[in-house]
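A.B. asks: Protein chains in written order, with the UniProt record's numbering: chain H, 1 to 204; chain Y, 1 to 204; chain Z, 1 to 204; chain E, 1 to 204.
Don't be surprised by glycine CBs; every beta carbon is placed ideally from N, CA and C.
Sending over a structure as structure tokens; questions will come in a sec.
Protein chains: 4
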Amino acid sequence: MVKKPVPDATRRSEKSRRAIYDAALALVAEVGYPKTTIEGIAARAGVGKQTIYRWWPSKADVLLEAFLDLGEQAARQAGQVPYEIPDTGDLAADLKAVLRATVDELLDPRFEAPSRALAAEGLVNEQLSREFVAKLLEPQLQLYVNRLRAAQATGAVRPDVDPRIALELFVSPLAQRWLQRTAPITYAYTDTLVDYALYGLAPR
Amino acid sequence: MVKKPVPDATRRSEKSRRAIYDAALALVAEVGYPKTTIEGIAARAGVGKQTIYRWWPSKADVLLEAFLDLGEQAARQAGQVPYEIPDTGDLAADLKAVLRATVDELLDPRFEAPSRALAAEGLVNEQLSREFVAKLLEPQLQLYVNRLRAAQATGAVRPDVDPRIALELFVSPLAQRWLQRTAPITYAYTDTLVDYALYGLAPR
Amino acid sequence: MVKKPVPDATRRSEKSRRAIYDAALALVAEVGYPKTTIEGIAARAGVGKQTIYRWWPSKADVLLEAFLDLGEQAARQAGQVPYEIPDTGDLAADLKAVLRATVDELLDPRFEAPSRALAAEGLVNEQLSREFVAKLLEPQLQLYVNRLRAAQATGAVRPDVDPRIALELFVSPLAQRWLQRTAPITYAYTDTLVDYALYGLAPR
Amino acid sequence: MVKKPVPDATRRSEKSRRAIYDAALALVAEVGYPKTTIEGIAARAGVGKQTIYRWWPSKADVLLEAFLDLGEQAARQAGQVPYEIPDTGDLAADLKAVLRATVDELLDPRFEAPSRALAAEGLVNEQLSREFVAKLLEPQLQLYVNRLRAAQATGAVRPDVDPRIALELFVSPLAQRWLQRTAPITYAYTDTLVDYALYGLAPR
DNA sequence: TTCTAATCGAGACGGTACGTCGGGTCTTATT
DNA sequence: AATAAGACCCGACGTACCGTCTCGATTAGAA
């Protein structure tokens, strides 16, 4: 077992890290993930290659961190770090609103390129996939779980329903359409998904 | 614009094509998609690189064709080329049976590696994605549309439901779990999906 | 020992041969010897590659034959097939005249490219070199031997001189300058060569 | 016009350069120039191809430098870097001695293969030829010029003779025989050349 | 505030694979 | 049977990046 000397994070250059994030996101957006190279990121960031290899094991990890950082920044700007699905008492309306916001985000070009790339890499790279799911996907899905639990408490959803599965009825179709481009994603579509799904979850 | 002279398909070597398919599938299964190289496929198939470049524009296209061919072969062996979802009159039972078979297929290692790889490539390569969807995915989904239409005719499903969207309620979650490894896929899971979804599609 | 079936020369296409000669000479002149390829010759001659491989073992042999043919043609046109060095009785004048003609030929672009190419190939390919020397060079040199022998008979050259060596005193320097581009070749230069050399060959 | 970034010569690996020289010379000697490939040199030298392409534009240039280096090494070993043709007062004897040494060198297999290859390449590649002549050939010939000038000073050679041309009378024939294999090269032959040539250069 | 050790920008290095070119063989249909 | 055409296997080309490895130059924490 070869020990790689752990670099001293306290002396790390914040400027370089930012520049690397920016370069990685910009390149993925401009030339696509496969044509984005470590060398290209380093050159664009005005950084030595070694500085990248010192802190990240692969370009996928660079992009994942850059993307997480982008998300944090966006959340911080919106001032809504502790994100929640609203609870107006009308479950269908709340879900439709959230899904419409998700549609907007999925169509935002700033997000599209990197998240597609990460999803693609994850399909084939199990380790990255786990990290992606744990850090990004599951926290999002947990919000739906919370909201559905609340709905069960008020009787809007049958108590025997597993919320972790139930949420997939409307979340997965949207994800699928987006990832595989099987069909366009619109507000009308997500509204319909919620309608179809909730029929089945509501008590008789 | 330089025109590449179109090769004469009638003189194409069938033996080479088969060998390339086999090599591509074997390598993807053995070393994974990213480490599968055109050079490796050529070497394993006992074929010149040029023979690959003559007929396919990229390794993704090689793999797509190889996979389509694999599917055709499998179907031909099973003697069930005009595939259909059974119609016993019990929609829930029929869907559960089909989804269980799908689970088996998704867990079959012969299919897993190449289809993951193609899905991953499709996320980032729109042209390939379209071909993948058109040649493989949509034909499969159409079978569900047909079965749901039949269910609407017998009154088992509400007539105002769009079958193309309805089918996503149980198909997409399964696909999602498989692709993103968010959770294990089991018979119990698919059965539950069908139950949840059909509640919502059945008449009141 | 694998026997290569000897092709039937009587059925050979004269038209193809001519086309191949023309194409080979043209290409060597236009793009240079290294960039002249068998494939290129075949394409330009409107001939299948196999037709070349059937009759010649290598591109050097094609060019050698093409060049020999070119020489024969030129000689036939000039109507002087049985070539001779003139014998006016004045050895120096005769040699100067012949060398001046040689200078002209060496500077003729039609001859320069192919003969350079053949010389180059010969340096590294002994078999070709022997053929080149035997078919082209030695016959030429023999003419000088004859003329020098005649000069010895008239007493213009010492009888103990070996004509085969003596001729090299003026022929080789010219060849060398041309081949290696060490210095320009002119009439004045060849005249000087003859003067210097004959001093040494003349009786005291 | 794309500018290729000039590599930083101060950081060049001396070990790699030596290994490349050795590999190039060894391969040319073992398999011949045409079968010597950049890939083969790199593999034999244990070096990446790019390291060759970074510093030399072609395999001919690699070989030329390797050969120049070989010559320098040999000269340094012999401790006779400022090489001179001896001047014992007997011009004929001095020239014969030097030419005999040249014959030895031309027949030394370590020198034969690469110098033939370079000569061949030079015939067809003018740029290389100029470099070869300037760096290797002319310095050698200049030694003869010097010796002949000295001979003119002592009256051993006629004052109106151009030494640069005179030297070709014995040097070029030897070179020619060696390059074109028209006849074997021996001490007797070079002695004869000197005799024939000096007759013509000596005063009456 | 100076010293000093780690990080940094830069890029040369040994490699692997790319996509292309051409060599020489073989097959097919045409003459 | 020779031919034009060109697919085939193969080896080398010159290029792009990989991940590792030096090099000064800089820079931040401990002295």
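Within 10 angstroms of the Cβ of Z/Arg-116, are there 16 or more other Cβ atoms? Answer buried if so, exposed if not.
C.D. replies: Residue numbering aside, residue 116 of chain Z sits at position 116 when the third sequence is read from its first letter. When all chains shown are included, Z/Arg-116 counts as buried.
A.B. asks: Can a CB atom of chain Z be found closer than 8 Å to the CB of E/Pro-5?
C.D. replies: If you number the fourth sequence from 1, residue 5 of chain E lands on position 5. No, because no Cβ of chain Z sits closer than 8 Å to the Cβ of E/Pro-5.
A.B. asks: Three Cβ pairs or more, each shorter than 8 Å: is that satisfied between the region 100–115 of chain Z and the region 101–119 of chain E?
C.D. replies: By the C-beta criterion, the region 100–115 of chain Z is judged not to be in contact with the region 101–119 of chain E, since fewer than 3 inter-stretch pairs fall below 8 Å.
A.B. asks: Under 7 Å Cβ-Cβ, which residues of chain E neighbour Z/Gly-122?
C.D. replies: Counting from one through the third sequence, the residue named residue 122 of chain Z turns up at place 122. Gln-180, listed in chain order.
A.B. asks: Rank Z/Ala-66, Z/Gln-180, Z/Pro-86 by C-alpha distance to the C-alpha of Z/Phe-132 and give the top, closest one.
C.D. replies: Here residue 132 of chain Z is taken as the residue at index 132 of the third sequence, counted from 1. Comparing Cα positions, the closest option is Z/Ala-66.
A.B. asks: Is there a Cβ of chain Z sitting closer than 8 Å to that of E/Glu-112, yes or no?
C.D. replies: The residue given as residue 112 of chain E occupies position 112 in the fourth sequence. The beta carbon of E/Glu-112 sits no closer than 8 Å to any beta carbon of chain Z.
A.B. asks: Within the 8 Å Cβ cut-off, does Z/Val-194 reach chain E?
C.D. replies: As a working mapping, residue 194 of chain Z is identified with position 194 in the third sequence. Not an interface residue.
A.B. asks: Any Cβ of chain E within less than 8 Å of the Cβ of Z/Ser-172?
C.D. replies: Taking the first residue of the third sequence as 1, we reach residue 172 of chain Z at position 172. Interface residue, yes.
A.B. asks: Throw me the rounded Cβ distance for the E/Ala-151 and E/Phe-170 pair, which I believe falls under 8 Å.
C.D. replies: Translated into positions along the fourth sequence, residue 151 of chain E becomes position 151. Translated into positions along the fourth sequence, residue 170 of chain E becomes position 170. Their Cβ separation, rounded to whole angstroms, is 13 Å, which puts E/Ala-151 and E/Phe-170 out of contact at 8 Å.
A.B. asks: Can you name, in chain order, every residue of its own chain whose Cβ lies under 8 Å from the Cβ of Y/Trp-55, other than the five neighbours on each side?
C.D. replies: Position 55 of the second sequence holds residue 55 of chain Y. Pro-7, Arg-12, Arg-17.
A.B. asks: From this set, Y/Ala-43, Y/Glu-84, Y/Pro-159, which residue's C-alpha is nearest Y/Gln-142's C-alpha?
C.D. replies: Reading the second sequence from its first residue, position 142 is the one you call residue 142 of chain Y. It is Y/Glu-84.
A.B. asks: Spatial neighbours of H/Tyr-189 within its chain, please: C-beta separation below 6 Å, excluding the five flanking residues on both sides.
C.D. replies: To locate residue 189 of chain H, count along the first sequence from 1; it is residue 189. Excluding positions up to five away in sequence, the list is empty.
A.B. asks: So within the region 96–151 of chain Y, which uninterrupted alpha helix (DSSP H) runs reach at least 4 residues, ignoring any that extend past its ends?
C.D. replies: 109–124, 126–132
A.B. asks: Could you tell me the distance, in whole angstroms, from the CA atom of E/Gly-40 to the CA atom of Z/Pro-114?
C.D. replies: Here residue 40 of chain E is taken as the residue at index 40 of the fourth sequence, counted from 1. Here residue 114 of chain Z is taken as the residue at index 114 of the third sequence, counted from 1. Answer to the nearest angstrom: the Cα atoms are 29 Å apart.
A.B. asks: Closer than 9 Å between beta carbons: that is the criterion. Which residues of the region 96–109 of chain Z meet it against chain E?
C.D. replies: none
A.B. asks: Let me know the secondary structure DSSP gives Y/Val-62 once reduced to three states.
C.D. replies: Here residue 62 of chain Y is taken as the residue at index 62 of the second sequence, counted from 1. Y/Val-62 falls in the helix class under three-state DSSP.
A.B. asks: Who are the near neighbours of E/Lys-35 in its chain, counting only those whose CB is closer than 6 Å to its CB and skipping five residues on each side?
C.D. replies: Indexing the fourth sequence from 1 puts residue 35 of chain E at position 35. If we look at E/Lys-35 and ignore the five residues flanking it on each side, it has no Cβ neighbours.
A.B. asks: Skipping 5 residues on each side, what residues in its chain have a beta carbon closer than 6 Å to that of H/Leu-91?
C.D. replies: Taking the first residue of the first sequence as position 1, residue 91 of chain H is located at position 91. The residues are Ala-151, Ala-156.
A.B. asks: Counting only Cβ pairs nearer than 8 Å, list the residues of chain H close to Y/Thr-41.
C.D. replies: Walking along the second sequence from the start, residue 41 of chain Y turns up at place 41. In the sequence as presented, Thr is not what sits at residue 41 of chain Y; that position holds Ile. Chain H residues near Y/Ile-41: none, gap ~17 Å exceeds 8 Å.
A.B. asks: With a threshold of 8 Å between beta-carbons, can Z/Pro-34 be considered close to chain E, or not?
C.D. replies: Within the third sequence, the letter at position 34 stands for residue 34 of chain Z. It does: the Cβ of Z/Pro-34 has a partner Cβ on chain E nearer than 8 Å.
A.B. asks: Taking the alpha carbon of H/Lys-59 as the point to measure from, which residue in H/Gln-176, H/Tyr-21, H/Lys-96, H/Ser-172 has its own alpha carbon closest?
C.D. replies: On the first sequence, position 59 is the one that residue 59 of chain H refers to. When only C-alpha atoms are compared, the closest one is H/Tyr-21.
A.B. asks: If we require 4 or more residues per run, which alpha helix (DSSP H) segments fall completely within the UniProt domain "HTH tetR-type" (14–74) of chain Z?
C.D. replies: 14–31, 38–45, 49–55
A.B. asks: Is it buried or exposed, E/Val-31, if we count other Cβ atoms within 10 angstroms and call 16 or more buried?
C.D. replies: Taking the fourth sequence and counting its residues from 1, the one referred to as residue 31 of chain E is at position 31. E/Val-31 should be labelled exposed.
A.B. asks: Is the CB-CB distance between E/Leu-174 and E/Leu-148 below 8 Å?
C.D. replies: Indexing the fourth sequence from 1 puts residue 174 of chain E at position 174. Indexing the fourth sequence from 1 puts residue 148 of chain E at position 148. Going by C-beta atoms, E/Leu-174 is not nearer than 8 Å to E/Leu-148.
A.B. asks: Could you pull out every residue in the same chain whose Cβ sits closer than 6 Å to the Cβ of H/Val-62, ignoring the five residues on either side in sequence?
C.D. replies: Counting from one through the first sequence, the residue named residue 62 of chain H turns up at place 62. Hits under 6 Å: Ala-24, Trp-56.
A.B. asks: Please classify E/Tyr-144: is it buried, with 16 or more other beta-carbons within 10 angstroms of its beta-carbon, or exposed?
C.D. replies: For the purposes of this step, residue 144 of chain E is taken as the residue at position 144 of the fourth sequence. E/Tyr-144 should be labelled buried.
A.B. asks: Under 8 Å between C-beta atoms, does E/Ser-58 make it to chain Z?
C.D. replies: In the fourth sequence, the residue the question calls residue 58 of chain E occupies position 58. Under the 8 Å criterion on CB atoms, E/Ser-58 is classed as non-interfacial with respect to chain Z.
A.B. asks: Tell me the residue span of the alpha helix (DSSP H) that contains Z/Arg-158.
C.D. replies: Residue 158 of chain Z sits at position 158 when you count from the first residue of the third sequence. No alpha helix (DSSP H) contains Z/Arg-158, which DSSP labels as neither H nor E.
A.B. asks: Using only the alpha-carbon positions, how far apart do Z/Ile-165 and E/Asn-146 sit?
C.D. replies: Position 165 of the third sequence, counting from 1, holds the residue named residue 165 of chain Z. Position 146 of the fourth sequence, counting from 1, holds the residue named residue 146 of chain E. Their Cα atoms are separated by approximately 26 Å.
A.B. asks: Under 8 Å between C-beta atoms, does Y/Ser-13 make it to chain H?
C.D. replies: Within the second sequence, numbered from 1, the residue matching residue 13 of chain Y stands at position 13. So, not an interface residue.
A.B. asks: In angstroms with no decimal places, state the Cα-to-Cα distance between Z/Gln-73 and Z/Leu-64.
C.D. replies: Along the third sequence, one-based indexing puts residue 73 of chain Z at 73. Along the third sequence, one-based indexing puts residue 64 of chain Z at 64. If I take the Cα positions, the gap works out to 14 Å.
A.B. asks: Can you tell me whether H/Thr-190 is helix, strand or coil according to DSSP?
C.D. replies: For the purposes of this step, residue 190 of chain H is taken as the residue at position 190 of the first sequence. Helix.
A.B. asks: Assign H/Pro-173 to one of three DSSP states: helix, strand, or coil.
C.D. replies: Your numbering for residue 173 of chain H matches position 173 in the first sequence. Helix, per DSSP.
A.B. asks: Please report the Cβ distance between Y/Gln-176 and H/Gln-127, rounded to the nearest whole angstrom; I am assuming they are in contact, meaning their Cβ atoms lie under 8 Å.
C.D. replies: By one-based count along the second sequence, residue 176 of chain Y stands at place 176. By one-based count along the first sequence, residue 127 of chain H stands at place 127. Not really, about 19 Å apart at Cβ, beyond 8 Å.
A.B. asks: Looking at Z/Ala-119 and E/Leu-123, is the spacing between their C-beta atoms short of 8 Å?
C.D. replies: Walking along the fourth sequence from the start, residue 123 of chain E turns up at place 123. Walking along the third sequence from the start, residue 119 of chain Z turns up at place 119. Contact: yes.
A.B. asks: So that I know if they touch, is there some Cβ in chain E lying closer than 8 Å to that of Z/Arg-116?
C.D. replies: Sequence index remark: in the third sequence, residue 116 of chain Z carries index 116 (1-based). Z/Arg-116 counts as touching chain E.
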